[in-house]
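Engineer: Before we start, here is the structure in question, set down as structure tokens.
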Amino acid sequence: MEIYNTLTRKKETFEPLHPPHVGIYVCGPTVYGDPHLGHARSAVSFDILYRYLLHKGYKVRYVRNITDVGHLENDADAGEDKLAKKARLEQLEPMEVAKYYTDRYHDMMDALNVRRPGIEPCASGHIMEQIGMVQQILDAGYAYVVNGSVYFDVVKYNRHYHYGVLSGRVVEELLSATRGNLEGQEEKRHSVDFALWKKAPPGHIMRWKSPWSDGFPGWHLECSAMGRKYLGEQFDIHGGGMDLLFPHHESEIAQSEIANGCRPCRYWMHNNMITVNGQKMGKSLGNSIMLEEFFTGRHPLLAQAYAPMTVRFFILQAHYRSTLDFSNDAMQAAEKGLKRLFDAASVIEKLPLLETTDYTAEVDGITQKIYEALDDDLNTPVAIACLFDAVRLVNAASDGKERIGKVAVEQLRQLFNDIVSGVLGLRDDRQAGNNTALLDGVIRMVLDMRAAAKANKDFAASDRIRDELAKLGVVVKDAKEGSSYSLQ
Ligand code: ZN
């Protein structure tokens, strides 16, 4: 299996340090807000890696953390703690905020059929480990204490190692870019240095005793400390979103190199970002769509509600290293495609078992192509395209256009079981009593009838349909291109 290693910037054959064991660490969410499409993309991308390695017979220890302390508003160690701010605004304990959004994250990821990691450590539960690592870095001479805070000396580190090895950033350029812009960071020797420990200001709730001050750990530190605790000083794969490459992962490498004497892992994998109708997704742009909004259709950018499996399938239709552009057209295409896939899966169960070996070689060929695609840096879009070759074959057999032998039928059943539900994690929720697709179909049919009434200038009927739907919690939105709806 080949995976693209961000560290070496090329595809490499994956060789675990201690086969059949594989250790994976993925940066999880900072639990201060509801999960959005970006969270889903990262979780689903690494879920495919996890599932595929398990499918290949590896014994995987999958660690994904929860950040509940130390992530400040500004990545350069300035601003308020994201969680503490939320707690202050909502008059809650930080632990209440963390628990609530951790639960929300779990609920949404469960709906997307993302397998939970084997270990899910949180930063606030590993303060001792983080203090231990800060002490090691201080002892090695690569950190300094100022007014009770501890900073990593990036400039000194870069003299002996390479800060920027992962992201391609150059320390000298970073220094000149940030010259004169040290607001809130006056304690640092250089603007590129980062906090390992911060002294808590008066009134700061999240604080722990340490040899340097009552304070809290720097954001990058938790992943180095928890990765080492559960996966050892060097493990196989570290993953996360591309937005974490710098400074988070770059700084993780520096910390681990000093504390452990080696880089934390051999392969770095990063999933790309999401754009919305071609634009960068962001809270400030108003185009950040929460997962719950997808599931209910309640967001101005959504033409309708989308079932969790549609969201998952939509994510898998792009390679994890490409940007993924959200649009209603793309989502509706995903919804249709997924329905065809599930329909074919149920058709397979009803195919006659003919005593021939017809189409065995064809199904073998499709299966092989799918494994080649997945072995090629988890190329899910190609694997899915090959699955649709199988779908066409199944439909032709069902229509009586092709005679498929029972061996090939058994192979198809195995393929759908292993790949569609096993590796891609696509679960047919229609059979589990989730009637999203059915409901959507019925509402669309009613809207078509209303459009016909309107076309006949029967506005009384058209209005009555709209009002009756509203009573049932279905809000109809009229636009030039036609009507859409959302569920209340
Ligand atoms: Zn991390």
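To convert, count from 1 in the sequence shown and add 46; that's my numbering. Don't be surprised by glycine CBs; every beta carbon is placed ideally from N, CA and C.
(1) Can you list every residue whose CB sits closer than 5 angstroms to some heavy atom of the ligand ZN, going in chain order?
(2) Between the alpha carbons of residue 323 and residue 493, how many angstroms are there, rounded?
(3) Where do the N-terminal and C-terminal ends of the alpha helix (DSSP H) with residue 216 fall, by residue?
(4) Express the C-alpha separation of residue 209 and residue 300 in angstroms, rounding to a whole number.
(5) On the DSSP letters alone, give me the boundaries of the alpha helix (DSSP H) that residue 92 sits inside.
(6) Between 441, 349 and 425, which lies nearest to residue 388 when the distance is taken from Cα to Cα?
(7) Mark residue 179 as exposed unless 16 or more other C-beta atoms lie within 10 angstroms of its C-beta, in which case mark it buried.
(8) Could you please give the first and the last residue of the uninterrupted beta strand (DSSP E) stretch that includes residue 404?
(9) Do you know how far the Cα of residue 91 is from the Cα of residue 290?
(10) Name the DSSP beta bridge partners of residue 336, please?
(11) Can the beta-carbon of residue 359 be found less than 8 angstroms from the beta-carbon of residue 383?
(12) Please state the DSSP three-state secondary structure of residue 48.
(13) Between 166, 202 and 475, which lies nearest to residue 183 when the distance is taken from Cα to Cα?
(14) Count the CB pairs spanning the segment 94-106 and the segment 463-476 that are closer than 8 angstroms, and state whether there are at least three.
(15) Leaving out five residues on either side along the sequence, give the residues of the same chain with a beta carbon under 6 angstroms from the beta carbon of residue 448.
(16) Residue 523 to residue 60, Cα distance in whole Å?
(17) Using three-state DSSP, classify residue 284 as helix, strand or coil.
(18) Let's see if you can read the secondary structure: which residues bound the alpha helix (DSSP H) around residue 154?
(19) For a quick check, are the C-beta atoms of residue 439 and residue 86 less than 8 angstroms apart?
(20) Please check the pair residue 265 and residue 294, which I expect to be a contact at CB under 8 angstroms, by giving their CB distance rounded to whole angstroms.
(21) Verify whether the separation of the beta carbon atoms of residue 352 and residue 424 is less than 8 angstroms.
(22) Would the beta-carbon of residue 284 fall within 8 angstroms of that of residue 311?
(23) Residue 127 and residue 252 - do their beta-carbons sit closer together than 8 angstroms?
(24) Just confirm the distance between the C-beta atoms of residue 244 and residue 195, as a whole number of angstroms; I'd bet it's less than 8 angstroms.
(25) Rounding to the nearest angstrom, what Cα-Cα distance links residue 174 and residue 276 in this structure?
(26) Enumerate in chain order the residues of its own chain whose CB-to-CB distance from residue 325 is below 7 angstroms, with the five nearest sequence positions on each side excluded.
(27) Would you mind reading off the limits of the alpha helix (DSSP H) that contains residue 265?
(28) Just checking my contact of residue 166 with residue 111 at CB under 8 angstroms: how many whole Å lie between their CB atoms?
(29) Can you tell me whether DSSP reads residue 241 as helix, strand or coil?
(30) How many angstroms separate the CA atom of residue 514 from the CA atom of residue 412?
(31) Starting from residue 312, trace the beta strand (DSSP E) in both directions and tell me its first and last residue.
(32) Report yes if the CB atom of residue 93 is closer than 8 angstroms to the CB atom of residue 161, and no otherwise.
(33) Starting from the C-beta of residue 262, find all residues in its chain whose C-beta is less than 7 angstroms away, skip the five residues before and the five after it, and write them out in chain order.
Structural biologist: Let me lay it out:
(1) Qualifying residues, in the order they occur: 73 and 269.
(2) When rounded, the distance between both Cα atoms is 25 angstroms.
(3) Per DSSP, residue 216 lies in no alpha helix (DSSP H) and is assigned neither H nor E.
(4) C-alpha separation (whole angstroms): 7 angstroms.
(5) Judged by DSSP secondary structure, residue 92 falls within the alpha helix (DSSP H) whose first and last residues are 83-101.
(6) Of 441, 349 and 425, the residue nearest in Cα terms is 441.
(7) By the 10 Å Cβ count, residue 179 comes out buried.
(8) Counting along the chain, residue 404 falls outside any beta strand (DSSP E), and DSSP gives it neither H nor E.
(9) If I take the Cα positions, the gap works out to 15 angstroms.
(10) According to DSSP, residue 336 bridges with 82.
(11) Closer than 8 angstroms, so yes.
(12) Residue 48: strand per DSSP, three-state reduction.
(13) Selected option, being the one with the closest Cα: 202.
(14) Output reads yes: the segment 463-476 touches the segment 94-106.
(15) Exclusion of the five residues before and after residue 448 leaves 442 as the residues of its chain whose Cβ lies within less than 6 angstroms of its Cβ.
(16) Cα to Cα, the separation comes out at about 50 angstroms.
(17) Of the three classes helix, strand and coil, the one that applies to residue 284 here is strand, per DSSP.
(18) Annotation for residue 154: the continuous alpha helix (DSSP H) segment containing it runs 140-157.
(19) Taking 8 angstroms as the cut-off, the beta carbon of residue 439 is found no closer than this to the beta carbon of residue 86.
(20) Residue 294 and residue 265 do touch by the CB rule: their CB atoms are close to 7 angstroms apart, below 8 angstroms.
(21) Result no, Cβ atoms of residue 352 and residue 424 do not sit closer than 8 angstroms.
(22) Yes, these two residues count as a Cβ contact at 8 angstroms.
(23) In this structure, residue 127 lies closer than 8 angstroms to residue 252 by Cβ.
(24) Right, their Cβ atoms sit about 5 angstroms apart.
(25) For residue 174 and residue 276, the distance between alpha carbons rounds to 14 angstroms.
(26) Closer than 7 angstroms at the Cβ level, and outside the excluded window around residue 325, lie 331 and 333.
(27) Boundaries of the alpha helix (DSSP H) around residue 265: 265-277.
(28) A Cβ-Cβ separation of about 7 angstroms places residue 166 in contact with residue 111 under the 8 angstroms criterion.
(29) Correct three-state label for residue 241: strand.
(30) Going by the C-alpha atoms only, they are around 49 angstroms apart.
(31) Annotation for residue 312: the continuous beta strand (DSSP E) segment containing it runs 311-317.
(32) In this structure, the beta-carbon distance from residue 93 to residue 161 falls below 8 angstroms.
(33) Around residue 262: 115, 116, 244, 246, 252, 253 and 254.
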